[in-house]
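Have a look at the structure below before the remarks.
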Amino acid sequence: MSYSNACCSIPAVTSDYSPVGSMENLGDLPLYTVGPKDAKKAVLVIYDIFALHNNTKQFCDILAKHCGWRVVMPDFFRGDDAACFFQNGFDREGLMAWIGQKGTLEIIEPQIERVQDYLKEQGVVAGALVGFCWGAKIAVQVTAKLPFFVGASLIHPSFVDPKDAETANAPILAIPSKDEPDMTEYMNILHKKPFGNLCEHHRFDDMNHGFCAARGDYNDENNKKRATEAIQLTVNFFSKCFKSKDASL
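Each residue of the sequence shown is one higher than the last, beginning at 1 in the UniProt record's numbering.
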């Protein structure tokens, strides 16, 4: 399993973006939610270790505005984030222990299932997943567990492991940056699956890890341009996944 050194060494940027969504509470689980309440398709976003960062909310807002999907981003860390591990130097050991306490599949999956059930109650018939960094690993693993999610976009993923590709049960879009490992083997495994023709791999070798989420600098024109391209790739990919789901009904 490979993780990006940048994932565990670069702090989040400061963002002056003003989100347009709102917060809801699903029991004890807060949700950032944006988009039409009556949407039949939804995207669940699994943020990076900096949690409800405004850059990540902006990603959600763009998806909802331009695609008409309901977009939800659960606050799995409940107001906490990993910023403290980047103060006065980088505490890698502390960060990894923190992820083990808050961010394992065993901890996150039941919460995603709760959100899934909530969306179904709202009339949503199919969902897709976006995962940033740590969240990308969770996203691909969830496709093996919950068939409600018909595709997953893995953006600057960390902890890349071909074993996750082996168990994936939905199309995968991989968008690694220059800081991520080569994903050729990972994608070759996916391409052999029944849905392999829907899987895509686009390397952004001119971008740093985190360029679409908390570590992105949207005041930098090239970062903004490339993040927009990653969003468009995600939109196009999910559109294909949802269409494939509709065709199977």
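Every residue, glycine too, gets a C-beta built ideally from N, C-alpha and C. Keep in mind it's a predicted model, so treat the numbers as computed, not measured.
- With a cut-off of 8 Å on Cβ pairs, the segment 38-49 is in contact with the segment 129-144, counting three or more such pairs.
- Taken atom to atom, the span from the alpha-carbon of glycine 151 to that of arginine 215 is near 24 Å.
- Valine 71 and aspartate 61 have their C-alpha atoms spaced approximately 8 Å apart.
- By the Cβ neighbour-count rule, cysteine 84 is exposed, with fewer than 16 other Cβ atoms within 10 Å of its own.
- Listed in chain order, the beta strand (DSSP E) elements of length 3 or more contained wholly in the segment 108-183 are 126-133, 149-157 and 172-175.
- Here methionine 73 is buried: its Cβ has 16 or more other Cβ atoms, across all protein chains shown, within 10 Å.
- Straight-line measurement puts the Cα of proline 171 at about 14 Å from the Cα of isoleucine 155.
- Runs of the beta strand (DSSP E) spanning 3 or more residues and lying entirely within the segment 8-56 occur at 22-26, 29-34 and 41-46, in chain order.
- For arginine 92, the enclosing alpha helix (DSSP H) has its first and last residue at 92-102.
- Annotation: the segment 185-217 contains no complete segment of the beta strand (DSSP E) (minimum length 3 residues).
- Under the three-state reduction of DSSP, arginine 78 is assigned to coil, being neither helix nor strand.
- Excluding residues up to 5 positions away in sequence, Ile138 and Gln141 lie with their Cβ nearer than 7 Å to the Cβ of leucine 105 in the same chain.
- Closest in alpha carbon position to glycine 27, among Arg78, Met207 and Ile49, is Arg78.
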